[in-house]
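S.K.:
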Amino acid sequence: MKKRLLLLSYYFPPDSIIGAARPYRIANFFFERGWDVSILACDDGSVGKDPFYDVSHLSVARVQISSLLRWINHAPKNDESCLWKGKIYRAVRVFLRNILWPEPFSLVCKFLEEKGDEVLSENRFDLILSTALPFSMHRTARYLSERHGIPWVADNRDLWATSPYRRLFIPRRYFDCIYERAVLKDAVLVVGVSNAMVDHYVNAYGLKASIRVMNGYDRRRARDDQHLQSLITCGAAPGKKTLEIIYAGGLYGGVRNPAPLLMAISQDKDLYECVKISFYGSENSCVNQWSREYPTCKIDMFPRVSKSELQVIYERASIFLVILGNKDFENGVLTGKLFEYLPYGKPIIAIAPDFSELGKLVNGYGLGLATRDPVKISEYLRGIIDGGESLIFDPPRELSSNYQIGLLYERISTIMDNKLICLS
1 MKKRLLLLSY YFPPDSIIGA ARPYRIANFF FERGWDVSIL ACDDGSVGKD
51 PFYDVSHLSV ARVQISSLLR WINHAPKNDE SCLWKGKIYR AVRVFLRNIL
101 WPEPFSLVCK FLEEKGDEVL SENRFDLILS TALPFSMHRT ARYLSERHGI
151 PWVADNRDLW ATSPYRRLFI PRRYFDCIYE RAVLKDAVLV VGVSNAMVDH
201 YVNAYGLKAS IRVMNGYDRR RARDDQHLQS LITCGAAPGK KTLEIIYAGG
251 LYGGVRNPAP LLMAISQDKD LYECVKISFY GSENSCVNQW SREYPTCKID
301 MFPRVSKSEL QVIYERASIF LVILGNKDFE NGVLTGKLFE YLPYGKPIIA
351 IAPDFSELGK LVNGYGLGLA TRDPVKISEY LRGIIDGGES LIFDPPRELS
401 SNYQIGLLYE RISTIMDNKL ICLS
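The sequence shown stops at residue 424 when you use the UniProt record's numbering, and every number in between is there.
1) Cβ of M263 within 8 angstroms of Cβ of P374?
2) Between the region 134–149 and the region 194–211, are three or more C-beta pairs nearer than 8 angstroms?
3) Reducing DSSP to helix, strand and coil, say where A259 ends up.
4) Excluding the 5 residues flanking K298 on each side, which residues of the same chain have their C-beta closer than 6 angstroms to its C-beta?
5) Say the cut is 7 angstroms; is the CB of D417 nearer than that to a heavy atom of the ligand GTP?
6) Taking only three categories from DSSP, how would you classify F279?
7) Check K185 in the structure and name its three-state DSSP category.
8) Do V108 and C42 have their C-beta atoms closer together than 8 angstroms?
9) Mind listing, in chain order, the continuous alpha helix (DSSP H) runs of no fewer than 4 residues lying wholly within the region 6–77?
10) Tell me whether F355 sits in a helix, a strand or coil according to DSSP, three-state version.
11) Comparing alpha-carbon positions, which option in T162, S413, D44 and V55 lies nearest D328?
12) Residue range of the beta strand (DSSP E) that R304 falls in?
13) If you follow the alpha helix (DSSP H) that F111 is in, where does it begin and where does it stop?
14) Might you give, ordered along the chain, the residues of its own chain that have their beta carbon closer than 7 angstroms to the beta carbon of A237, omitting 5 neighbours on each side?
15) State the start and end residues of the unbroken alpha helix (DSSP H) segment that holds S194.
16) Taking the alpha carbon of L407 as the reference point, which residue from I17, F29, A21 and I18 has its own alpha carbon closest?
17) Under a three-way DSSP split, which group does L127 fall into?
18) What's the gap between the Cα of N98 and the Cα of C177?
19) How would you label Y217, buried or exposed, when you count the other beta carbons within 10 angstroms and need 16 or more for buried?
20) Is it the case that the region 335–348 contacts the region 356–370, given that we only count it when at least three CB pairs across the two stretches are under 8 angstroms?
21) Could you check the C-alpha separation between E357 and H200 for me, to the nearest Å?
22) When you compare each of L338, V312 and L261 to G249 by their alpha carbons, which one comes out closest?
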């Protein structure tokens, strides 16, 4: 008899958003190993759809979210022609995010629980797996696990209670940590994407059944190596390559700052004549500020584009850029953007300490360079321009999503084999 998995995720394909990628990989991995997989997701109507994803083999049930939650989660961005309106929007959103406890997404829990009860009453399920953020996916999974007597695994793509990116009134964090631990302690396994996350769950929360499962890259892509090796030459420096460094995504209001890279380029004529940096979907105010601070750097700014358009841009890129903030917390962050870049086999410059988890990964696997030292960045770029550094590589298998999810699957299988939980 086939085993059945119920997977809870706020976003799920064809939702075209990064938060849908990991749940889709997990669902497919279990399906390919003979499981019947059902998905319980939300339809918040604010993200585009990507036809690239095939979900025909999966049973996907969605619940509508409230208009209030949709507004809180996707309020209009700041209108430069009316700055005060944008400030009011942001202030109201921050206020609502603080008074709606434990988080605004809890508004959808009741509907998820009702739909989950309906799905679980129709068939016997062996395992519930919730993937967050938002953390309310775990709250719903715990409810369904207790009500129906089904083991539950909590997968975390990001920290919630202790994340510095959440703008909260100070007392909130204390209560959020208590709440987070109270929910996660009932899971048979807690998953984090970095060693720092797992250490937090084990040491701060006492959740010994924890495991690291990195995001991983999707698959190897066919690359146009001939195109990469025949990059256009720079008129100011005959025979040298012109490099385009790509950064795609938000900058968290400038918390993720490429200053070391910009300093390296701006202080070297050969570099600022042969290197340009393109930002896609980043905050205009941040990019404009850096353009003013480093006028010799070639900096281009583009709006957010679709996934298919982004793939074309990634194929064209010479180098990818990943940035961490300066706080100690960031040293334990393994941003999913790294794994989004890896399939394209291009060098990665990570603005991060070499002792950080990201730095150890990039430098240890020879994926590029991780440092905050402008001198080292300058030397690395010169090596590429002069032909001493490779522009292409094959990403290691152990960083693939299949390998990483395989670690999760093996751990669940071990729990089953040891009869710590009964999945039959």
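Note that beta-carbon positions come from the ideal geometry of N, C-alpha and C, so glycine has one too.
M.R.: According to the structure data:
1) What you label residue 263 is simply residue 263 of the sequence shown in a count that begins at 1. What you label residue 374 is simply residue 374 of the sequence shown in a count that begins at 1. Yes, Cβ-Cβ distance for M263 and P374 is below 8 angstroms.
2) At 8 angstroms Cβ cutoff, the stretches do not touch.
3) The residue labelled residue 259 in the question sits at position 259 within the sequence shown. The answer is helix: DSSP assigns A259 an H, G or I state.
4) Reading the sequence shown from its first residue, position 298 is the one you call residue 298. Closer than 6 angstroms at Cβ, skipping near neighbours: K276.
5) Ligands in the displayed structure: none, and consequently the ligand GTP is not present.
6) Taking the sequence shown and counting its residues from 1, one reaches residue 279 at position 279. Under the three-state reduction of DSSP output, F279 falls in the strand class.
7) Taking the first residue of the sequence shown as position 1, residue 185 is located at position 185. Annotated three-state conformation of K185 is coil, per DSSP.
8) Translated into positions along the sequence shown, residue 108 becomes position 108. Translated into positions along the sequence shown, residue 42 becomes position 42. Here V108 is near C42, since their CB atoms are less than 8 angstroms apart.
9) Counting only runs of 4 or more, we get 21–32 and 67–73.
10) Within the sequence shown, numbered from 1, the residue matching residue 355 stands at position 355. Here DSSP, grouped into helix, strand and coil, assigns F355 to coil.
11) The residue given as residue 328 occupies position 328 in the sequence shown. Check the Cα spacing between D328 and each of T162, S413, D44 and V55: the tightest is with T162.
12) Start at 1 with the first residue of the sequence shown, and residue 304 comes out as number 304. Neither: R304 is in no beta strand (DSSP E) and is coded neither H nor E.
13) Here residue 111 is taken as the residue at index 111 of the sequence shown, counted from 1. Unbroken alpha helix (DSSP H) run through F111: C109 to E122.
14) As a position in the sequence shown, residue 237 is number 237, starting the count at 1. The pLDDT assigned to A237 is 48, lower than 50, so where the model puts this residue is not dependable, and the model offers no usable value.
15) Within the sequence shown, numbered from 1, the residue matching residue 194 stands at position 194. No alpha helix (DSSP H) contains S194, which DSSP labels as neither H nor E.
16) For the purposes of this step, residue 407 is taken as residue 407 along the sequence shown, with counting starting at 1. If we check each option's Cα against that of L407, F29 comes out closest.
17) The residue you call residue 127 lines up with position 127 of the sequence shown. Correct three-state label for L127: strand.
18) Residue mapping note: residue 98 aligns to position 98 of the sequence shown, counting from 1. Residue mapping note: residue 177 aligns to position 177 of the sequence shown, counting from 1. Those two C-alpha atoms are separated by around 15 angstroms.
19) Along the sequence shown, one-based indexing puts residue 217 at 217. Buried.
20) With a cut-off of 8 angstroms, the region 335–348 and the region 356–370 count as touching, because enough Cβ pairs lie within range.
21) Taking the first residue of the sequence shown as 1, we reach residue 357 at position 357. Taking the first residue of the sequence shown as 1, we reach residue 200 at position 200. A direct Cα-to-Cα measurement between E357 and H200 gives close to 14 angstroms.
22) Here residue 249 corresponds to residue number 249 of the sequence shown, with the count starting at 1. Residue L338 is the option with its Cα nearest to G249.
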